[in-house]
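S.K.: These protein sequence lines map, in sequence, to chains G and W. At the far end of the first sequence sits residue 116, using our numbering, and the numbering has no gaps. At the far end of the second sequence sits residue 227, using our numbering, and the numbering has no gaps. Even glycine gets a Cβ: it sits at the ideal position worked out from N, Cα and C.
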Amino acid sequence: EAGVAQSPRYKIIEKRQSVAFWCNPISGHATLYWYQQILGQGPKLLIQFQNNGVVDDSQLPKDRFSAERLKGVDSTLKIQPAKLEDSAVYLCASSPGTSGYYNEQFFGPGTRLTVL
Amino acid sequence: GQQLNQSPQSMFIQEGEDVSMNCTSSSIFNTWLWYKQDPGEGPVLLIALYKAGELTSNGRLTAQFGITRKDSFLNISASIPSDVGIYFCAGLYTGGFKTIFGAGTRLFVKA
């Protein structure tokens, strides 16, 4: 079974530029998550989708970050404009279920963003 | 916001030694999770704990859900070089979907 796919793996941009990341979850997984992992820290949830609806985006900086999952499958996360503090690894994860108990999350390899 | 305090931050051990790391929170969680992250990869789930007092093993790994529901520990017995990596605890609080991660314990194993 194919895992969670993310692209690109690495991206270097200058501050105030825009960037987009793509995620393709495991086939059939209803829930998709985007996390931000700053160097030396644990992942922090940015947004969680259940099918194509948003479950939680309370920690997404909505003035510059946006995410969509239009057909309930793959997803894009965009930053516009980027700031130096956005340098981090952006992890995508998916889980099979939709109910209120824990479903194991399967993580992709991440996209490492460097903002200069 | 909710925080998990994970300790130690890093450990340098000799191959064959046992390792113990723990996580504490000011909040009650109804699920505790332990993940391992290798360089350039996403975290991989090692053990999930669902009940206070639960003790669960996965090979050489053993984890426990504290009875207060505010802490958990992970033990690794007879460490080997491939145990090197970052170990994260994570918790889900009652009624929530959001997973809160600790800052990680970096494990270095010398052969």
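How long is the line joining the alpha carbons of Ser75(G) and Ala67(G), rounded to whole angstroms?
M.R.: 7 Å
S.K.: With a cut-off of 8 Å, does the C-beta of Leu223(W) fall near any C-beta of chain G?
M.R.: no
S.K.: Closer than 9 Å, Cβ to Cβ, to anything on chain W: give me those residues from the region 41-54 of chain G, in chain order.
M.R.: Gln41, Gly42, Pro43, Lys44, Leu45, Gln48, Gln50
S.K.: Indicate the three-state DSSP secondary structure (helix, strand or coil) for Leu73(W) in the structure shown.
M.R.: An answer regarding residue 73(W) cannot be provided, because it is not within the stretch 117 to 227 covered by chain W.
S.K.: Check whether the Cβ atoms of Tyr151(W) and Phe224(W) sit closer than 8 Å, and answer yes or no.
M.R.: no
S.K.: Is there a Cβ of chain G sitting closer than 8 Å to that of Pro159(W), yes or no?
M.R.: yes
S.K.: According to DSSP, simplified to helix, strand and coil, what is Asp57(G)?
M.R.: In this structure, Asp57(G) counts as coil in the three-state DSSP scheme.
S.K.: May I ask which residues mark the beginning and end of the beta strand (DSSP E) holding Ala93(G)?
M.R.: Start and end: 88-95.
S.K.: Alpha carbon to alpha carbon, how far is Glu157(W) from Gly110(G)?
M.R.: 7 Å
S.K.: From Thr172(W) to Tyr166(W), what does the alpha carbon distance come to, in whole angstroms?
M.R.: 10 Å
S.K.: Asn138(W): buried (16+ other C-beta within 10 angstroms of its C-beta) or exposed?
M.R.: It counts as buried.
S.K.: Could you please tell me which residues of the region 191-222 of chain W, in chain order, have their CB closer than 7 Å to any CB of chain G?
M.R.: Of all residues in the region 191-222 of chain W, Phe204, Leu208, Phe213, Lys214, Thr215, Phe217, Gly218, Ala219, Gly220 have a Cβ within less than 7 Å of some Cβ in chain G.
S.K.: Measure the Cβ-Cβ separation of Ala164(W) and Thr147(W) and say whether it is below 8 Å.
M.R.: yes
S.K.: Which of the three DSSP states, helix, strand or coil, is assigned to Leu84(G)?
M.R.: In the structure shown, Leu84(G) sits in a helix (DSSP, three-state: H, G or I).
S.K.: Specify, as a first and last residue, the run of the beta strand (DSSP E) that Ile12(G) falls within.
M.R.: 10-13
S.K.: Is the closest heavy atom of the ligand GTP to the C-beta of Ile79(G) under 7 Å?
M.R.: Absence of the ligand GTP is noted for the structure shown, with no ligands found whatsoever.
S.K.: Counting only the same chain and skipping the five closest in sequence on each side, list residues whose C-beta sits under 8 Å from that of Lys11(G).
M.R.: Val19, Phe21, Thr111, Arg112, Leu113, Thr114
S.K.: Would Ser142(W) be called buried (16 or more neighbouring beta carbons within 10 Å of its own) or exposed?
M.R.: exposed
S.K.: DSSP beta-bridge partners for Ala2(G)?
M.R.: DSSP output for Ala2(G) lists no bridge partner at all.
S.K.: One question on the structure: do Gln59(G) and Leu77(G) come within less than 8 Å of each other, judged by their Cβ atoms?
M.R.: no
S.K.: Run the CB neighbour count on Val54(G), radius 10 Å, all protein chains shown included, and call it buried at 16 or more, exposed below.
M.R.: exposed
S.K.: For Val89(G), count the other beta carbons within 10 Å of its own beta carbon; 16 or more makes it buried, fewer makes it exposed. Which is it?
M.R.: So Val89(G) ends up on the buried side.
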